[in-house]
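Mapping of the sequence shown onto the numbering used here: residues 872 to 960, in sequence order. Glycine included, each C-beta is placed from N, C-alpha and C at the ideal position. Quantities reported herein were computed from a predicted structural model and do not represent experimental measurements. Below is one structure, written out as C-alpha cells; the observations come after it.
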Amino acid sequence: MRIKEGFILRTICGEHVVVGEGLAQVNFNKMLSLNSSAAYLWEAVTGKEFTVEDLTSLLTEKYDVSAERAAEDAAKVAGIWIREGVAEA
C-alpha cells in the first residue's frame with residue numbers, strides 16, 4: 872500500500888490533518904483528522920510502500936502496546952486511509 876501523491880500532513884491549530892494539494896487532488900474537498908499515533912504512522916510511511924504489518928511494527932516500537940492491539944489499530948488506520956482515498960492498496 873502507499874500514500875497517494877498530493878496528500879500531505881499539516882498541523883493546524885494543534886490538530887494533525889491530511890489535505891490534498893495540487894490539481895490531482897482538486898476533487899478532495901475535505902480534511903482528514905489524525906490523532907498523534909496515526910500522524911506518526913503517516914510521517915513514517917509517506918513516500919514508501921508499506922503493509923499493515925509495517926504499521927504494526929511501527930506502533931509496537933514506539934508505544935507500549937501489545938502486538939495484537941497494534942495489529943488491530945494498524946488495520947483500522949489503513950482501512951480508513953484507503954476508504955477515504957488518501958492511500959491505495
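Identify the continuous beta strand (DSSP E) that holds Gly-866 and give its terminal residues. Residue 866 is absent from the structure shown; the chain starts at 872 and stops at 960.
Comparing alpha-carbon positions, which option in Lys-901, Tyr-934, Gly-950 and Ala-960 lies nearest Phe-911? In the sequence shown, counting from the first residue as 1, residue 911 sits at position 40. What sits at residue 911 in the sequence shown is Tyr, not Phe. Here the closest residue by C-alpha is Tyr-934.
Spatial distance of Gly-893 from Gly-877 (CA atoms): Start at 1 with the first residue of the sequence shown, and residue 893 comes out as number 22. Start at 1 with the first residue of the sequence shown, and residue 877 comes out as number 6. Approximately 6 Å between the Cα atoms of the pair.
Identity of the residues DSSP links to Ile-879 by a beta bridge: In the sequence shown, counting from the first residue as 1, residue 879 sits at position 8. Its beta-bridge partners are Val-890.
Going straight from the alpha carbon of Arg-881 to that of Val-888, what length do you get? The residue you call residue 881 lines up with position 10 of the sequence shown. The residue you call residue 888 lines up with position 17 of the sequence shown. When rounded, the distance between both Cα atoms is 5 Å.
Excluding the five sequence neighbours on either side, which residues of its own chain have a C-beta within less than 8 Å of the C-beta of Leu-930, listed in chain order? Stepping through the sequence shown from its first residue, residue 930 is reached at position 59. So the qualifying residues of the chain are Ser-908, Leu-912, Val-936, Ala-941, Asp-944 and Ala-945.
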